[in-house]
Each structure stands twice: as structure tokens, then as C-alpha cells.
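Number of protein chains: 2
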Amino acid sequence: MGSMTAPAPLLETDRTKLRRAAGRGSFDRDLANSILDEAYIAHVGFVVDGTPRVLPMAYGRIGEDLYLHGAVGNAMLKASISAQVCVTVTLLDALVLARSAFHHSMNYRCVVLYGEALRVDDADEKRAALDAVVDQVVPGRSSEARPSNDQELRATLVLRLPIVEGSVKVRGHGVVDDPDDMELPVWAGLVPTVLTTSPPVQDEAQAGSGLTPPSPDRLVR
Amino acid sequence: MGSMTAPAPLLETDRTKLRRAAGRGSFDRDLANSILDEAYIAHVGFVVDGTPRVLPMAYGRIGEDLYLHGAVGNAMLKASISAQVCVTVTLLDALVLARSAFHHSMNYRCVVLYGEALRVDDADEKRAALDAVVDQVVPGRSSEARPSNDQELRATLVLRLPIVEGSVKVRGHGVVDDPDDMELPVWAGLVPTVLTTSPPVQDEAQAGSGLTPPSPDRLVR
């Protein structure tokens, strides 16, 4: 696709159709990608014996595919091969303090993806996927660290979820209180939240090496 | 229970049994509570038509019960009444940058709870639960804001998940690299992460009111 081609929107289906607060929802792929690229952790839902399981996982994105990984013995991942999963990535942006308890809320950006997770067997795709997972943590990091060797690759299960069926939901506005409450003597407003990093702490085994950590600009999302 | 009574641990079952990296896991209730009390968002898993759904939700804790809430018309919540849910709460503590791509990781604290979500019909319990959800955002906030009126209570569905079956998983240590990699000229260490708040931004409709936001110490977790 040429760079002038608008990306295909996420697919609206019965399970991605936005029902509650539909005004907060969209199927915009660029918006979905921006959320996926900013976060560190996905919450991945599986069904085991008919009951739900939700686990936090690292992930990486390459174009229109999202990749998960884990040890080949990981029971949850193994159970997800060719099974339906739900991958949800959420960023918290603000606490919303209203005059009424009822209108308290949070500002957030959230992507929910659905689909069949496919096992990645191709060695090149597997390497690229694992690089993406490392680069999700710090951009460019995969080209600095020792690459995975064949043994490590064999020990790793990689799943691909095509980013097709999904939706985005964003609350990004201020306090909404009832007209009757506007004059109440209760402070109302937003408390912005952001995930920040503190200065890197070097492995003591490396003390005196002169090696330097990734520059701060690479740690800002 | 007297304060000297140790809290009952979380229940180990087939689905909470820790398999991978079991050394990171525990069933310690105090640890679970500390994680639940520090976070803002839970990722709640449901099964609909046999497939998993995962949505971010606010929540509150009172003792050994966790509460979720939403509009009475919320299809996902309605479908969860007396159904199995999985509630996962995750805190990210650090990026773990190893010398090898393979040993990159994240430090985190995570609680995974399972059980049947029960609809709360008792008005007093419902009010207490909604207060807990507001106080989860800012401690003590429920006593400052206008309490919910009967109409708002009727419009709200509250679910209780007893905190019984679940587990905690924590990665809280430094970089672990292979012995052969220790001399590689690749910076290794932790990049601590923390969710921080910025100064509150008052609702413009309240400008000049002289009302003051919650003090900074109430916004620190």
C-alpha cells in the first residue's frame, strides 16, 4: 500500500459494535495503533473450560499484526493456538473528579481486539516478532541486545493476532456534572495521570563498565 | 475477626495454580490487597457466546469483596450476573533491559481473581460499594462529593466478586542474563516506572470559586 492510502478501519462486528457511550468509540486504525504503540502491557483474555482467564502480557506490533510470546510450555498460550482471544490495551490519562459521586470517572484510551491467535512457525517472522516485542519496551533496543539464538527461538512460542476485528474507546473530556450540581461547593476537575520512568538503575555486575543506558528521549512515550 | 488474625490466603485451585515461574507467585491476601488498593483499573474477563471479552473497569474493594459497577443497561455487566468472571489488576514497576533480547522482561505486580459475580440488590451494600469505587480513585472522596440519589442508584448495576479464588504474581528482581553474556558491551539494568499524577486542572465552570483540589498526598499511591 502506498503511504497515501488511508489504513483500513477496524472491523465492526457484533462483538465490537459500541453500545454504551458509543460517542467514545471508533474504529480508527491510526488511533488504535497509537494506543498500542504507547502502552507496555496487554491484558489477554482466553477461555479455558468455558471460563474466562485474563493475563497481562508483553506484546509487539508490526504493521497490522500484533504478536504475543511466551515459553513453549506456557499452558495458556498453548491453549490459545488457533483459538479466539481478546487483547485489550488500556492507557489511563486522568482521574475525573466530579461534584457528584455518580459522575466520577476516568479518562482513558483503550483498544479491544478480537480474533484467532495463530502460531508463528516461520523463523524469520518469529525473529521479527520477538524484535518487535523488545522494541515495544524501548524502541531500537532489539538492535543493541544480543539476538536470540536458535535454542532460545525454539523455546519461545509466538502467536500472531491480525489487527482486524476490534474497536477503540476514548474518554478524553472534562467533568460532566448535572446542571443542579454546578454550584455545589465541591472541587471538580481532572487529575492527569501518566506513566513515567525514573533514572535507569544499572546492573551492579556491570559497574564501572562505562556503558550508558538508553537516552531519556527513548524512554518517553 | 480480630486484628491479630492472619487473613485467609487466596484459594489455590486448578485455575489459580501457578505453573510458569511459580517462584513469582503467591496466595498472600495482604499482598493481593495492596495491589488492588494501589491500582485504578481492573481488566475484567467475561465469556460471551463462548469467546473471551476483556474490558477495563473501575472497581472498589471492601474487605474481602471486590465491586464492579456500570449502567444497568451495560450488556457485558448484565451478562456477568451469576456468571464466571476473571478480574485482573496489574501494576507495572520497571522495564528490565537485559544484555540478551531473550531475557528482556518487565517487573510487575499482578492479582488474578476468579469467581461468580453476584448482583448487589441491598441498598446499603450498593451505596457502600459505590463509595468504595469513588474512594479507589481518591481516598475519602466519597464523603466530599454529593452522594448518589435514589435515581442514580437505580440506574447503576453493582456486582460483587468475593475475593476468594485467586493468585498473585510478582516479578521484582533485577536483570538475569546467561553467564556467557555477562561481559557483552550492552547496558543492562532496570528502568523503574510509576504512574504519576500532574497538578489537578479545575473545571473552568468553577473558576474563582476558591475551592481547592484534593491535597497531593491523597493522590499518591
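So the sequence lines, in the order shown, correspond to chains A and B.
Numbering of the first sequence is given in this note's numbering, commencing with residue 266 and proceeding in unit increments.
Numbering of the second sequence is given in this note's numbering, commencing with residue 266 and proceeding in unit increments.
Cβ atoms here follow ideal geometry from the backbone N, Cα and C, with glycine treated the same way.
*So, is A/V423 buried or exposed, given that buried needs 16 or more other C-beta atoms within 10 angstroms?*
buried
*Considering only residues of the same chain and omitting the five flanking positions on each side of B/P464, which have a CB-CB separation below 6 Å?*
none
*Does any CB atom of chain B fall closer than 7 Å to the CB of A/D446?*
yes
*asked:* For A/G437, which residues in the same chain have their Cβ closer than 6 Å to its Cβ, ignoring the five residues on either side in sequence?
replied: N372
*asked:* I need the DSSP call for A/P487, collapsed to helix, strand or coil.
replied: Coverage of chain A is limited to positions 266 through 486, which leaves residue 487 of chain A absent and any answer about it impossible.
*With a CB to CB cut of under 6 Å and the five nearest residues on each side skipped, what residues in its chain are close to B/T462?*
L484
*Quick one: does B/F367 have its CB under 7 Å from some CB of chain A?*
yes
*Is any beta-carbon of chain B found at less than 7 Å from that of A/R436?*
no
*Could you pull the start and end residues of the alpha helix (DSSP H) that B/N298 belongs to?*
294-303
*asked:* Nearest by alpha-carbon distance to A/G310: which of B/V377, B/D389, B/P444, B/Y305 is it?
replied: B/V377
_Could you check whether the Cβ of A/Q349 sits closer than 7 Å to any Cβ belonging to chain B?_
yes
*Three-state secondary structure (DSSP) at A/S407?*
helix
*Answer yes or no: does any C-beta atom of chain B fall closer than 7 Å to that of A/M266?*
Note on A/M266: pLDDT 44, under 50, position unreliable in the model; no value is reported.
_Min CB distance A/E417 to chain B below 7 Å_ = yes
_Beta-carbon spacing of A/V350, A/A382 below 7 Å_ = yes
*Show which residues of chain C have a CB atom less than 8 Å away from the CB atom of B/V399.*
The structure shown contains no chain C; its protein chains are A and B.
*Taking 7 Å as the CB-CB cut-off, is A/E409 touching chain B?*
yes
_Contact set between the stretch 290-302 of chain A and chain B, restricted to residues whose Cβ is under 8 Å from the partner_ = none
_Extent of the continuous beta strand (DSSP E) to which B/M447 belongs_ = That residue, B/M447, is in no beta strand (DSSP E); it is neither H nor E in DSSP.
*Inter-stretch contact (C-beta, 8 Å, three-pair minimum) for the stretch 358-365 of chain A and the stretch 441-458 of chain A*: yes
*Give, in chain order, every unbroken run of the alpha helix (DSSP H) that is at least 4 residues long and sits entirely within the stretch 374-440 of chain A.*
388-402, 415-419
*Per DSSP, A/V352 forms a beta bridge with which residues?*
A/V309, A/L378
*asked:* Which residues does DSSP list as the beta-bridge partners of A/N372?
replied: A/A359
_Considering just the uninterrupted stretch of the alpha helix (DSSP H) at A/A273, what are its terminal residues?_
From DSSP, A/A273 is part of no alpha helix (DSSP H); its letter is neither H nor E.
*Cut-off 6 Å between Cβ atoms - residues of its own chain near B/P457, not counting five sequence neighbours on either side*: A359
*Would you mind stating whether B/E277 and B/I428 have Cβ atoms separated by less than 7 Å?*
no
_Same chain, Cβ closer than 7 Å to A/P272, neighbours up to 5 away in sequence not counted_ = R294, D295
*Straight-line gap, A/T477 to B/W452 (C-alpha atoms, nearest Å)*: 6 Å
*Would you call the stretch 387-406 of chain B and the stretch 466-476 of chain B touching, i.e. three or more CB-CB distances under 8 Å?*
no
*asked:* For the stretch 314-341 of chain B, list every residue whose C-beta sits within 9 Å of some C-beta in chain A, in sequence order.
replied: D314, G315, T316, P317, R318, V319, L320, P321, A323, G335, A336, G338, N339, A340, M341
*Output the distance between the C-alpha atoms of B/V402 and B/R318, rounded to the nearest integer angstrom.*
24 Å
_Please return the same chain residues whose Cβ sits closer than 6 Å to the Cβ of B/G267, not counting the five positions on each side in sequence._
Because the pLDDT of B/G267 is 47, which lies under 50, any placement of that residue in the model is unreliable, and the number read from its coordinates should be weighed accordingly. Excluding residues within five positions, none has a Cβ falling inside 6 Å.
_Beta-carbon gap between B/V249 and B/I300 smaller than 7 Å_ = Residue coverage of chain B in this structure runs from 266 to 486, which leaves residue 249 of chain B outside it and unanswerable.
*Please name the residue in A/A323, A/A307, A/V440 whose C-alpha comes closest to that of A/A336.*
A/A323
*Just confirm the distance between the C-beta atoms of B/V398 and B/Y332, as a whole number of angstroms; I'd bet it's less than 8 Å.*
6 Å
*Keeping to the same chain, check which residues put their C-beta closer than 8 Å to that of A/I327; ignore five residues upstream and five downstream.*
A393, A394, A397
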